[in-house]
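Residue numbers (my numbering): 19 to 140.
For glycine and all other residues, C-beta sits at the position ideal for the given N, C-alpha and C.
Remarks on the structure that follows.
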């Protein structure tokens with residue numbers, strides 16, 4: 019009977035060891051799957067950050083280009099406005115000078131005409 023008891027205990031011990039071994043294997047498999055999933059999530063997060071960074075860089079470059087184009091266009095517009103102002107100012111100055119010259123020549127012409135007509139003033 020002792021031998022039967024011993025055999026029975028030995029078989030229970032073997033069954034428990036087998037069950038423990040299986041549970042350890044399952045735990046290791048689950049742990050491996052968990053670690054793999056965490057690595058996949060971390061890789062996806064890094065990829066998302068990389069894409070976000072690339073998008074932000076592209077967006078910043080596009081924004082800077084648009085701003086530079088806008089400033090260049092504004093500067094061209096400003097140059098056009100300044101040229102029109104300068105042309106208008108020079109035209110006005112030319113008209114004023116011509117009027118002054120005409121007035122001076124008119125005065126000289128009237129004076130010479132008066133001298134020509136009245137020789138006694140000579």
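Looking only at its chain, what residues have a beta carbon closer than 6 angstroms to the beta carbon of residue 27, apart from the 5 residues adjacent to it on each side? Looking up residue 27 in the chain shown gives position 9. Same-chain partners within the cutoff: there are none.
What number of angstroms, rounded off, separates the C-alpha of residue 62 from the C-alpha of residue 81? The residue labelled residue 62 in the question sits at position 44 within the chain shown. The residue labelled residue 81 in the question sits at position 63 within the chain shown. Cα to Cα, residue 62 sits roughly 28 angstroms from residue 81.
What's the gap between the Cα of residue 35 and the Cα of residue 29? As a working note, residue 35 is residue 17 in the chain shown. As a working note, residue 29 is residue 11 in the chain shown. When rounded, the distance between both Cα atoms is 10 angstroms.
Pick helix, strand or coil for residue 85, following the three-state DSSP scheme. The count along the chain shown starts at 1 and reaches residue 85 at position 67. Residue 85: helix per DSSP, three-state reduction.
DSSP-derived helix/strand/coil call for residue 32: Here residue 32 refers to the residue found at position 14 of the chain shown. Note: residue 32 maps to helix in three-state DSSP.
Measure the C-alpha to C-alpha separation of residue 19 and residue 44 and round it to an integer number of angstroms. Residue 19 sits at position 1 when you count from the first residue of the chain shown. Residue 44 sits at position 26 when you count from the first residue of the chain shown. So the two alpha carbons sit approximately 37 angstroms from each other.
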